[in-house]
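Taking it in order: structure first as structure tokens, then the write-up.
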Amino acid sequence: MKRLLYIVTTFLLVVLFNGCKEEFVGQPATDNVAPGSIRNPRVENLPGGAEITYDLPQDDDLLCVKAYYTINGVEKNTTSSMYTNSLVVEGFGSTDPQTIKLCCVDRSNNQSDPVEVTINPTTPPVELVFQSMTMEKGFGGVQLKWKNENKSDLTIYVLAADSVGDLNVADVVYTSATEGKYSLHGFDDSKREYATVIRDRWDNYSDTLKGFFTPYFEMKLDKSKFNRQILMGDNETNLGG
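First residue of the sequence shown? That's 0 in numbering that gives the first Met the number 0, and the numbers climb one at a time after it.
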């Protein structure tokens with residue numbers, strides 16, 4: 000009985016390991032010949048990035064064009080299909096020149112020799128929005144206003160000083176709207192420091208906007224003391240709690 004159990008267990012383990020082997024996904028390679036490289040690259044610099052236009056090589060099995068670059072020490076890549084002759088690289092947090100390497104990839108996953116293109120991004124969105132940001136006192140806190148003409152996905156951290164003067168995150172705002180307005184509440188009408196800083200999805204941060212403000216007095220009302228008051232001409236139907 001023990002021998003039979005050992006044989007069955009061994010058989011099941013063999014089947015299990017054979018069934019778990021890694022299988023190739025995608026089109027199998029048909030050759031090892033690299034495609035040609037792109038030609039005649041042209042650059043249109045954009046806020047925090049650029050659009051690169053190029054001429055494609057005449058390769059029947061061309062699949063895509065891949066751009067390789069680095070943002071904040073992290074290697075990134077962007078792919079554009081063979082049906083278009085341009086791609087956009089974005090996410091750079093400064094106007095410093097950036098080197099982009101463009102490679103053609105065929106259906107056998109062979110890559111061409113890279114073509115290096117230098118771009119000069121204009122002011123990144125995180126800085127453009129920061130330049131438009133204003134802060135003023137509001138009821139129970141401060142009010143922020145900003146413009147985001149590129150409709151970039153941004154995170155805005157709103158900070159307020161605690162009892163010992165240290166700035167702590169009081170709220171986080173996510174926005175991609177062209178124009179934004181936000182009011183921070185929950186603080187008394189004593190003078191304290193408030194601040195805000197903006198981050199994009201590539202972990203680029205703006206400078207910090209700071210200021211001392213004395214908010215307008217604001218008190219939260221006790222809703223348990225609210226009563227319905229029906230005035231002349233009102234519809235008396237009770238439509239909710």
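C-beta atoms are modelled at their ideal positions from N, C-alpha and C, and glycine is treated no differently.
Could you give the first and the last residue of the continuous alpha helix (DSSP H) run that contains residue i?
i, result
"residue 126", "124-131"
Where residue i and residue j are concerned, what is the direct C-alpha to C-alpha distance, given to the nearest angstrom?
i, j, result
"residue 242", "residue 204", "The chain is shown from 0 up to 240; residue 242 falls before or after that span and cannot be answered."
"residue 158", "residue 216", "19 angstroms"
"residue 83", "residue 120", "22 angstroms"
"residue 123", "residue 197", "12 angstroms"
"residue 209", "residue 77", "37 angstroms"
"residue 114", "residue 103", "9 angstroms"
"residue 202", "residue 70", "9 angstroms"
"residue 36", "residue 62", "12 angstroms"
"residue 57", "residue 116", "21 angstroms"
"residue 106", "residue 153", "37 angstroms"
"residue 168", "residue 232", "48 angstroms"
"residue 224", "residue 236", "21 angstroms"
"residue 151", "residue 72", "22 angstroms"
"residue 75", "residue 55", "22 angstroms"
"residue 97", "residue 155", "26 angstroms"
"residue 199", "residue 31", "40 angstroms"
"residue 244", "residue 213", "Since the displayed the chain opens at 0 and closes at 240, residue 244 lies outside it and no answer follows."
"residue 132", "residue 181", "11 angstroms"
"residue 64", "residue 39", "14 angstroms"
With DSSP collapsed to three states, give me the class of residue i.
i, result
"residue 223", "helix"
"residue 165", "coil"
"residue 91", "coil"
"residue 136", "strand"
"residue 177", "coil"
"residue 200", "coil"
"residue 72", "coil"
"residue 37", "coil"
"residue 182", "strand"
"residue 57", "coil"
"residue 238", "coil"
"residue 241", "Absent from the model: residue 241. The displayed extent of the chain is 0 to 240, so no value can be given."
"residue 187", "coil"
"residue 170", "strand"
Can you check DSSP and say which residues form a bridge with residue i?
i, result
"residue 211", "192"
"residue 65", "78, 102"
"residue 85", "52"
"residue 121", "46"
"residue 206", "Its beta-bridge partners do not exist; DSSP assigns none."
Could you say which of the options lies nearest to residue i if we only look at CA atoms?
i, options, result
"residue 183", "170, 189, 174, 190", "170"
"residue 33", "220, 233, 111, 51", "111"
"residue 85", "98, 91, 66, 96", "66"
"residue 109", "179, 29, 123", "29"
"residue 160", "186, 39, 49, 150", "186"
"residue 146", "172, 178, 134", "178"
"residue 129", "226, 68, 92", "92"
"residue 148", "174, 49, 139", "174"
"residue 41", "52, 48, 225", "52"
"residue 60", "50, 81, 44, 43", "81"
"residue 194", "87, 231, 64, 142", "142"
"residue 163", "236, 43, 190", "190"
"residue 219", "133, 206, 138", "138"
"residue 44", "64, 99, 38", "99"
"residue 49", "126, 95, 228", "95"
Let's see if you can read the secondary structure: which residues bound the beta strand (DSSP E) around residue i?
i, result
"residue 32", "Per DSSP, residue 32 belongs to no beta strand (DSSP E) and is neither H nor E."
"residue 158", "153-160"
"residue 229", "From DSSP, residue 229 is part of no beta strand (DSSP E); its letter is neither H nor E."
"residue 115", "114-118"
Relative to the ligand ZN, is the shortest distance from any of its heavy atoms to the C-beta of residue i smaller than 7 angstroms?
i, result
"residue 167", "What this structure holds is no ligand at all, so the ligand ZN is not there to describe."
Tell me, please, whether the CB atom of residue i is closer than 8 angstroms to any CB atom in chain D?
i, result
"residue 151", "This model lacks chain D altogether; it includes just one protein chain."
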